[in-house]
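Worksheet: the structure to be examined is printed underneath.
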Amino acid sequence: MKESTLEVLFYLFDNYPEMDDEATPSDDRESMNVYLQGAGFMPGEINRAFNWLESLGDEHQDVLEPYSPHSLRSFAWQEQRWLNTDCQNYLLFLEKAGVLNYEAREQVIDRVLALEDPDFTLDRLKWVILMVLVNRPDEDNSFLWTEGLTLDGSTPVYH
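Position 52, counted from 1, in the sequence shown is what full-length UniProt numbering calls 52; the numbers after and before it change by one each time, with no gaps.
As structure tokens, then:
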């Protein structure tokens, strides 16, 4: 069973029972690991998913500030391998709309590259963006753009 890192995380977020407040982080990770292995995920992919998720909280890397607010971000061939044209355009759109600043954009790109997901789509990019922004305490976290996201690809329910 070959699963991507995001598929492991999606399954965990969608199916894992609520955790109690008394559990320690190491107990939580171990119980989640057992739960995911019971669901058929391989230990290596589970660890990769945990490491990817934990890396969201790492200190942000220094990113050079753009020379001009009107500068254009070009994507390197390594980035184009994982980010198709729709994904690239969406990232640039969110930056122009003020949802992402240049640092958040670069962190999103870094997290996408770390996934090495050959089936990466615009919907998956939206989830990566959401996870990055949730883990950036200095951001506004205005998530109106996430309104149409669902884990299973079904029609979203609007509240």
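In this text, a Cβ means the ideal position worked out from N, Cα and C, and glycines have one as well.
For residue i, the three-state DSSP class (helix, strand or coil)
| i | result |
| --- | --- |
| residue 48 | helix |
| residue 121 | coil |
| residue 42 | coil |
| residue 10 | helix |
| residue 99 | coil |
| residue 136 | coil |
| residue 4 | coil |
| residue 90 | helix |
| residue 21 | The pLDDT assigned to residue 21 is 49, lower than 50, so where the model puts this residue is not dependable; a value taken from the coordinates is nonetheless given after this. Of the three classes helix, strand and coil, the one that applies to residue 21 here is coil, per DSSP. |
| residue 35 | helix |
| residue 84 | coil |
| residue 56 | coil |
Unbroken alpha helix (DSSP H) run spanning residue i, endpoints
| i | result |
| --- | --- |
| residue 105 | 102-115 |
| residue 73 | No alpha helix (DSSP H) contains residue 73, which DSSP labels as neither H nor E. |
Residue i burial status per 10 Å Cβ neighbour count (16 or more: buried)
| i | result |
| --- | --- |
| residue 5 | buried |
| residue 76 | exposed |
| residue 104 | buried |
| residue 134 | exposed |
| residue 81 | exposed |
| residue 30 | exposed |
| residue 107 | buried |
| residue 97 | exposed |
Could you check whether the region 39-57 touches the region 6-16, counting it as contact only if at least three pairs of C-beta atoms, one from each stretch, sit closer than 8 Å?
Result yes; three or more Cβ-Cβ pairs closer than 8 Å.
For the region 120-134 and the region 80-99, state whether three or more C-beta atom pairs, one from each stretch, are separated by less than 8 Å.
Counting C-beta pairs with one atom in each stretch, the region 120-134 and the region 80-99 have three or more that are closer than 8 Å, which means they touch.
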